[in-house]
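K.L.:
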Amino acid sequence: MPDSESRSQARRLTDTYRRNLATFARAAAELPEGAEHERIGGASSLNWVTGHVLGSRLLVLGFLNTRQPGVDAEAVRARYGKDTQPDPDNALPLTELLEHLNATQDTLAAALNATDLTPTVQSPFGEMTLGELVDFFGWHEGYHAGQAAMLRRQLTGK
1 MPDSESRSQA RRLTDTYRRN LATFARAAAE LPEGAEHERI GGASSLNWVT
51 GHVLGSRLLV LGFLNTRQPG VDAEAVRARY GKDTQPDPDN ALPLTELLEH
101 LNATQDTLAA ALNATDLTPT VQSPFGEMTL GELVDFFGWH EGYHAGQAAM
151 LRRQLTGK
């Protein structure tokens, strides 16, 4: 059972991920057809950024010893992982990515509330506490949420 400090951290992290999700939802709203795959100045597309964040969330869920039903985490990470390139022919539809991302929110919140975040884990970045790892990925997701918001502005002028 998580202590009060872990529960407080879980609430804060849940809120961080919820804000990031809301930013992605706004960024993807009412885009012109095909815009999700546009790469402005050679940068990543909104589709790739969204898929990349979904892959990261699925990784976080794995560290929390849970899975998201209906999503093949390995397939998402193969398409949208760190060293991949945007590929419209191999991409999942943006609406599907957003549905999966939205569905992870409740799974993530439940896992955070049920998990002690103080143990040390071996992360892709070295040893850190589980809470630090989840916090890092919240920051990582926030970075990409800002990228998604800028892509929207460039794609729509809004």
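The sequence shown runs 1 to 158 under the UniProt record's numbering. All residues carry an ideal CB built from backbone N, CA and C; glycine is no exception.
Gln85: buried (16+ other C-beta within 10 angstroms of its C-beta) or exposed?
P.N.:
exposed
K.L.:
With DSSP as the reference, label Val121 as helix, strand or coil.
P.N.:
Val121 falls in the strand class under three-state DSSP.
K.L.:
Reducing DSSP to helix, strand and coil, say where Thr95 ends up.
P.N.:
helix
K.L.:
Give the C-beta separation of Glu36 and Leu94 to the nearest angstrom, bearing in mind that I take them to be a contact with Cβ-Cβ under 8 Å.
P.N.:
4 Å
K.L.:
Could you pull the start and end residues of the beta strand (DSSP E) that Thr129 belongs to?
P.N.:
Gly126 to Thr129
K.L.:
Count the other CB atoms within 10 Å of the CB of residue 235; is the residue buried (16 or more) or exposed (fewer)?
P.N.:
Look at the range of the chain in this structure, 1 to 158, and you will see that residue 235 is not part of it.
K.L.:
Quick check on this structure: which residue in Arg57, Ile40 and Gly42 has the alpha carbon closest to the alpha carbon of Leu112?
P.N.:
Arg57
K.L.:
Quick check on the DSSP output: what are the complete beta strand (DSSP E) runs of length 3 or more inside the UniProt domain "DinB-like" (17-148), in order along the chain?
P.N.:
120-123 and 126-129
K.L.:
Quick check: what's the CA-CA separation for Glu132 versus Arg77?
P.N.:
22 Å
K.L.:
Taking Asn47 as the reference, which of Lys158, Gly157 and Ala149 has the closest Cα?
P.N.:
Ala149
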